[in-house]
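**Q**
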Amino acid sequence: MSMDQVAGFLVGLFAIASCLGAVMVVLTQNVVRMAFWLIVSLGSVSGLYFSLHADFVAASQLLIYVGGTVVVLIFGVMLTASGPYQQIRSSPGETVVAGGIAVLFLALLASTVLSVDWNGGEVPALAEGYNPPEQGNTLRPIGLALLGARPDKDLGAPAEESLSTGYLLPFEIVSVHLLVVLIGASYLARAKKRSEEDPDS
Amino acid sequence: MTPAPITLYLLVGAVLFVCGIACMATKRNGIGVLMGVELVLNGANVNFVVFSRYTELGLDGQITSLFVIVLAAAEAAVALAIALNFYNNHLTIDVDRGDELQG
Chain S
12 MSMDQVAGFL VGLFAIASCL GAVMVVLTQN VVRMAFWLIV SLGSVSGLYF
62 SLHADFVAAS QLLIYVGGTV VVLIFGVMLT ASGPYQQIRS SPGETVVAGG
112 IAVLFLALLA STVLSVDWNG GEVPALAEGY NPPEQGNTLR PIGLALLGAR
162 PDKDLGAPAE ESLSTGYLLP FEIVSVHLLV VLIGASYLAR AKKRSEEDPD
212 S
Chain R
189 MTPAPITLYL LVGAVLFVCG IACMATKRNG IGVLMGVELV LNGANVNFVV
239 FSRYTELGLD GQITSLFVIV LAAAEAAVAL AIALNFYNNH LTIDVDRGDE
289 LQG
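Line by line, the protein sequences give chains S and R. For the first sequence, the residue numbers in the numbering used here are 12 to 212. For the second sequence, the residue numbers in the numbering used here are 189 to 291.
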């Protein structure tokens, strides 16, 4: 087996695993099993990112999504469990209608994707970077872009086009947004006296 | 025309998106709805990264997907705080019970 065959096999494996995980999240009724299938799906998507040479995004996906968001979700499941085996089911009619709409919507998206000629199936060459592309060369350009400089676009460009915009302002906005969100979340979720059982209180 | 590899990735993104929509629509558990939101954001992210590889978009797509990942984490934190408050007030996480603002 050559390297290309191995890479193609892995891409297919991760694609199938991510789709299967997403479908199982919808079909499973137990919330903890839903969280497990969500981990499978998000982790496989991270593998797809690695296959697209987006190594920093893939690592962030593993660290923040699989390692952070899903853990927070599982804590939410544990803190809101009302009974050990109690499951909240939706009515079968709603499920059938939602499933039909989902299948139709998927057919629409799939036919749209398949009907477009994506540049003749041509794969552009990997961008030049500080490292060979096989070792991953997105970390330094992404870090510089978040600081407002774009060497990946400006190097080698004509002088009048060599001032591409970076992402300094969105980076600052996201930083402040995260701070505000964490303060707000801890304010909302602070321990309070649980409300009384009677609905009139 | 043989299907390009980009088609496979875009189909994976479409499946993730549709599963997230179905999850949001059918689950009555509030945490389940949150998981649907995560799936939708992830499906959109797949498209960003794929187009950053297969088109002239370059690194912009990857940086946008990083912002989406960070904002999804923030959204999960706030939504879980709201879910905990909801559970404190209603002693359940069933979203159909949150009907006090009905007209």
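Even for Gly, the Cβ is constructed at its ideal location relative to N, Cα and C. Treat the numbers as computed from the prediction; the structure is a model and nothing was measured.
How about residue 286 of chain R: is its C-beta nearer than 8 Å to some C-beta of chain S?
**A** By this cut-off, residue 286 of chain R is not an interface position.
**Q** Beta-carbon separation of residue 257 of chain R and residue 76 of chain S under 8 Å?
**A** Taking 8 Å as the Cβ cut-off, residue 257 of chain R and residue 76 of chain S qualify as a contacting pair.
**Q** List in chain order: all unbroken alpha helix (DSSP H) runs of 4+ residues lying wholly within the region 158–204 of chain S.
**A** Entirely contained in the region 158–204 of chain S, the alpha helix (DSSP H) runs reaching 4 residues are, in chain order, 162–165 and 179–199.
**Q** Return helix, strand or coil for residue 276 of chain R, following the three-state DSSP convention.
**A** Note: residue 276 of chain R maps to helix in three-state DSSP.
**Q** Return the chain-ordered list of same chain residues with a C-beta closer than 8 Å to the C-beta of residue 174 of chain S, the five sequence neighbours on each side being excluded.
**A** Excluding positions up to five away in sequence, the list reads 165.
**Q** With 16 as the cutoff for other CB atoms within 10 Å, does residue 290 of chain R come out buried or exposed?
**A** With fewer than 16 Cβ atoms within 10 Å of its Cβ, residue 290 of chain R is classed as exposed.
**Q** Count the other C-beta atoms from every protein chain shown that fall within 10 angstroms of the C-beta of residue 18 of chain S, then say buried if there are 16 or more, exposed otherwise.
**A** Result: exposed.
**Q** Got a sec: which bits of the region 105–120 of chain S sit with their beta carbon under 7 Å from any beta carbon on chain R, in order along the chain?
**A** Here the close residues are 105, 106, 109, 110, 113, 116, 117 and 120.
**Q** Just checking: is the beta-carbon of residue 245 of chain R within a distance shorter than 8 Å of some beta-carbon in chain S?
**A** So no, residue 245 of chain R is outside the interface.
**Q** Could you have a look at residue 282 of chain R and say whether DSSP puts it in helix, strand or coil?
**A** Here residue 282 of chain R sits in strand by DSSP.
**Q** Excluding five sequence neighbours on each side, which residues of the same chain lie with their C-beta closer than 7 Å to the C-beta of residue 42 of chain S?
**A** Excluding residues within five positions, the ones whose Cβ falls inside 7 Å are 88.
**Q** Using the beta-carbon of each residue, which ones in chain S are nearer than 8 Å to residue 250 of chain R?
**A** Simply 65, 67, 68, 149 and 153.
**Q** Using a cut-off of 7 Å between C-beta atoms, extract the partners of residue 45 of chain S located in chain R.
**A** What residue 45 of chain S touches in chain R: 220 and 223.
**Q** Within the continuous alpha helix (DSSP H) that includes residue 69 of chain S, where are the two ends?
**A** Segment 66–71, the alpha helix (DSSP H) holding residue 69 of chain S.
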